[in-house]
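Heads up: the structure comes next, in structure tokens.
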């Protein structure tokens with residue numbers, strides 16, 4: 001059994017004083033992390049005397065999460081603070097043991113809602129979100145040698161940056177009739193990246209094989225920074241109508257317009273229809289467009305031997321089509337079946353055809369179509385089950401080739417059963433089908449695997465006390481995630497996943 005030495009503490013509380021309500025939670029976790037064995041890495045064949053493989057990955061984790069919510073009349077406040085420090089492996093496909101990725105995220109939101117007339121209400125939101133990164137990574141271990149020299153202490157980099165978003169949103173809801181609600185609104189966001197700094201002991205402008213030692217760990221922000229200060233403004237407007245045409249027919253339709261200061265506008269419609277065409281049966285038809293704007297890393301990454309940014313990137317776009325039918329055979333048994341088709345254009349990928357250093361580029365697209373089937377049964381609030389199955393065909397829209405590293409099939413099964421007044425049991429089974437390799441990768445496809453998680457909960461033993469025990473991967477199935485370096489096969493035996501493990505938690509409510 002895996003030993004992760006995980007300690008987790010959680011406290012929740014709340015209080016009401018007339019119109020004023022306040023609630024909050026504090027969550028803390030400290031774990032040594034998974035001790036996964038990496039049998040070989042990119043240095044095993046070329047520099048066997050200094051590689052740390054075979055060896056175990058350092059995936060330590062420490063996380064603090066504080067949440068607060070307050071209400072007074074029509075005024076509400078929400079805020080959250082998250083501080084996280086964790087290890088990593090596989091950053092440069094070489095096993096190392098001195099990685100520390102530190103992230104801090106703080107956000108808050110103030111909103112006010114007001115009824116203007118019987119059929120008209122409004123809400124205004126002001127929000128602030130700040131993200132801070134301090135990532136120290138060891139790319140290669142002690143003694144690593146390139147054509148330009150040796151790194152006695154290893155090759156290190158420390159990347160720091162901050163991102164801040166200030167935004168406001170105004171939304172109106174107008175009741176056209178008892179069964180027809182119209183929502184209209186707009187928002188503005190100001191997004192800044194700043195305090196971008198780089199400390200390093202190699203020249204990041206040199207290729208991996210020719211990595212040039214600097215002789216010391218130093219600040220290279222002025223001449224070899226990994227990114228830059230940047231700014232983005234976003235204006236958006238949206239309208240949505242929710243109309244219950246008849247008791248068995250609902251239509252929701254809307255459109256959103258986005259204007260970004262650093263690329264072209266985006267116009268995205270959505271529509272959904274739910275029709276109860278016979279008793280206990282319903283048909284769902286959904287269509288939507290969406291996009292993903294390139295982030296500052298994809299736009300401005302610089303002085304990096306593995307990938308460079310591209311200021312000319314366009315946003316990724318997706319068109320989603322879905323049709324589904326559901327039927328409730330009895331009060332305790334239901335089946336749903338869905339067909340989906342997603343068309344993704346202008347995918348942002350790391351383009352390795354660009355030499356000598358790959359660059360982010362809009363390259364091709366993907367077509368993903370498939371089916372989902374789900375069956376559910378419930379007999380009491382504590383006795384229920386669910387089965388689901390998904391089949392999909394993800395293909396490159398240009399070449400029609402199968403996309404690598406993604407399974408075509410996945411199935412789940414869940415059962416919750418109350419053994420007695422004092423003991424509740426829950427079991428989850430996940431089956432994942434085989435995953436094909438990338439073109440040029442001669443290794444066998446990733447095999448299918450199944451994992452089983454079992455949970456027992458002791459309750460009603462003492463007022464407010466609950467004891468929960470979970471065994472993850474009960475059958476100790478050994479499985480792996482694919483090495484995505486393709487034909488290079490930098491991690492020949494892929495990335496191992498965790499075996500059997502257990503977690504016991506105690507909760508007391510008062």
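In the UniProt record's numbering, the protein residues as written are 1 to 510. C-beta atoms are modelled at their ideal positions from N, C-alpha and C, and glycine is treated no differently.
Unbroken stretches of the beta strand (DSSP E), 3 residues or longer, contained in the segment 422 to 489: 423 to 432, 449 to 458 and 465 to 472
Going by Cα to Cα distance, which pick from 259, 100 and 227 is closest to residue 234? In the chain shown, residue 234 corresponds to position 234, counting from 1. The shortest C-alpha separation from residue 234 is found at 259.
Contacting residues, own chain, Cβ-Cβ under 6 Å from residue 34 (five flanking each side not counted): Within the chain shown, the letter at position 34 stands for residue 34. Same-chain partners within the cutoff: 59 and 498.
In the structure shown, what three-state DSSP assignment does residue 367 receive? Taking the first residue of the chain shown as 1, we reach residue 367 at position 367. The answer is strand: DSSP assigns residue 367 an E or B state.
Sequence ranges, beta strand (DSSP E) only - wholly within the segment 227 to 311, length at least 3: 230 to 246, 249 to 260, 263 to 278 and 281 to 292
With a threshold of 6 Å on Cβ separation, who are the neighbours of residue 376 within its own chain once the five nearest residues in sequence on each side are excluded? The sequence position of residue 376 within the chain shown is 376, counting from 1. Cβ neighbours of residue 376 beyond the five flanking positions: 334 and 386.
Which residue from 177, 264, 85 and 83 puts its Cα closest to that of residue 246? Taking the chain shown and counting its residues from 1, the one referred to as residue 246 is at position 246. Cα-wise, what sits closest to residue 246 is 177.
Kindly identify the DSSP beta-bridge partner or partners of residue 324. The sequence position of residue 324 within the chain shown is 324, counting from 1. Its beta-bridge partners are 284 and 338.
By alpha-carbon positions, which one of 28, 305 and 196 ends up nearest to residue 84? Taking the chain shown and counting its residues from 1, the one referred to as residue 84 is at position 84. Residue 28 is the option with its Cα nearest to residue 84.
Beta-carbon within less than 6 Å of residue 243's beta-carbon, same chain only, minus the 5 sequence neighbours each way: which residues are those? On the chain shown, position 243 is the one that residue 243 refers to. Hits under 6 Å: 180 and 251.
Please report the distance separating the alpha-carbon of residue 182 from that of residue 71. Locating residue 182 in the chain shown gives position 182, counting from the first residue. Locating residue 71 in the chain shown gives position 71, counting from the first residue. Computed Cα separation, rounded: 26 Å.
Three-state secondary structure (DSSP) of residue 27: The sequence position of residue 27 within the chain shown is 27, counting from 1. The answer is strand: DSSP assigns residue 27 an E or B state.
Taking just the CA atoms, how far does residue 504 sit from residue 494? One-based indexing of the chain shown puts residue 494 at position 494. One-based indexing of the chain shown puts residue 504 at position 504. Taking the straight line joining both Cα atoms gives about 30 Å.
What three-state label does DSSP hand residue 331 in the structure shown? Mapped onto the chain shown, residue 331 falls at position 331. In the structure shown, residue 331 sits in coil (DSSP, three-state: anything other than H, G, I, E or B).
Give the straight-line distance between the Cα atoms of residue 1 and residue 30, rounded to the nearest whole angstrom. Translated into the one-based positions of the chain shown, residue 1 becomes position 1. Translated into the one-based positions of the chain shown, residue 30 becomes position 30. Any answer about residue 1 is weak, because its pLDDT of 49 lies below 50 and its placement is not dependable; what the coordinates show is given next. Going by the C-alpha atoms only, they are around 19 Å apart.
Over what stretch of residues does the beta strand (DSSP E) that includes residue 135 continue unbroken? Residue mapping note: residue 135 aligns to position 135 of the chain shown, counting from 1. Unbroken beta strand (DSSP E) run through residue 135: 120 to 140.
CB of residue 453 within 9 Å of CB of residue 470, strictly: Position 453 of the chain shown, counting from 1, holds the residue named residue 453. Position 470 of the chain shown, counting from 1, holds the residue named residue 470. Yes.
Using a threshold of 9 Å, state whether the C-beta atoms of residue 294 and residue 341 are closer than that. On the chain shown, position 294 is the one that residue 294 refers to. On the chain shown, position 341 is the one that residue 341 refers to. No, these two residues do not count as a Cβ contact at 9 Å.
Report, in whole angstroms, the separation of the C-beta atoms of residue 238 and residue 254, which I expect to be a contact under 8 Å. As a first step, residue 238 is located in the chain shown; it is residue number 238 there, counting from the start. As a first step, residue 254 is located in the chain shown; it is residue number 254 there, counting from the start. The pair is a contact, with the Cβ atoms about 6 Å apart (cut-off 8 Å).
Examine the Cβ distances between the segment 164 to 175 and the segment 210 to 226 and report whether three or more of them are shorter than 8 Å. no
CA-to-CA distance, residue 407 to residue 344, given in whole angstroms: What you label residue 344 is simply residue 344 of the chain shown in a count that begins at 1. What you label residue 407 is simply residue 407 of the chain shown in a count that begins at 1. Near 18 Å, if we compare the C-alpha coordinates of residue 407 and residue 344.
So, for residue 153: in the same chain, excluding its five sequence neighbours on each side, which residues have a beta-carbon less than 7 Å away from its beta-carbon? One-based indexing of the chain shown puts residue 153 at position 153. Correct list, in chain order: 142.
CA nearest to the CA of residue 383, picked from 415, 506 and 106: The count along the chain shown starts at 1 and reaches residue 383 at position 383. The residue with the shortest Cα to Cα distance from residue 383 is 415.
Cβ pair residue 486, residue 439 closer than 9 Å: Position 486 of the chain shown, counted from the start, is the residue given in the question as residue 486. Position 439 of the chain shown, counted from the start, is the residue given in the question as residue 439. Closer than 9 Å, so yes.
Need the endpoints of the beta strand (DSSP E) that residue 168 sits in, please. Residue 168 sits at position 168 when you count from the first residue of the chain shown. It spans 155 to 177 - the beta strand (DSSP E) in which residue 168 sits, taken as one unbroken run.
From what residue to what residue does the alpha helix (DSSP H) around residue 502 run? If you number the chain shown from 1, residue 502 lands on position 502. It is not in any alpha helix (DSSP H) - residue 502 instead sits in the beta strand (DSSP E) that spans 501 to 508.
Of the residues 221, 32 and 24, which one's Cα is nearest the Cα of residue 5? For the purposes of this step, residue 5 is taken as the residue at position 5 of the chain shown. Ranking the options by Cα distance to residue 5, first place goes to 32.
With burial defined as no fewer than 16 other Cβ atoms inside 10 Å of the residue's Cβ, what is the status of residue 17: buried or exposed? Within the chain shown, residue 17 is the residue found at index 17, counting from 1. With fewer than 16 Cβ atoms within 10 Å of its Cβ, residue 17 is classed as exposed.
Check the C-beta distance from residue 86 over to residue 75 and give it rounded, since I have them as a contact under 8 Å. Residue mapping note: residue 86 aligns to position 86 of the chain shown, counting from 1. Residue mapping note: residue 75 aligns to position 75 of the chain shown, counting from 1. With a Cβ gap of about 37 Å, residue 86 and residue 75 do not count as contacting.
With a threshold of 16 other CB atoms inside 10 Å of the CB of residue 191, please say whether the residue is buried or exposed. Numbered from 1 along the chain shown, position 191 holds the residue referred to as residue 191. By the 10 Å Cβ count, residue 191 comes out buried.
Three-state secondary structure (DSSP) of residue 210: As a first step, residue 210 is located in the chain shown; it is residue number 210 there, counting from the start. The answer is helix: DSSP assigns residue 210 an H, G or I state.
Three-state secondary structure (DSSP) of residue 222: Residue 222 sits at position 222 when you count from the first residue of the chain shown. Residue state, collapsed to three classes: helix.
So what does DSSP say about residue 1, is it helix, strand or coil? Stepping through the chain shown from its first residue, residue 1 is reached at position 1. Because residue 1 carries a pLDDT of 49, less than 50, the predicted location of this residue cannot be relied on, and no value is offered for it.
Considering only residues of the same chain and omitting the five flanking positions on each side of residue 161, which have a CB-CB separation below 7 Å? Taking the chain shown and counting its residues from 1, the one referred to as residue 161 is at position 161. Once the five neighbours on either side are set aside, the close Cβ partners of residue 161 are 133, 193, 195, 196 and 227.
If you run the structure through DSSP and keep just helix, strand and coil, what is residue 319? In the chain shown, residue 319 corresponds to position 319, counting from 1. Strand.
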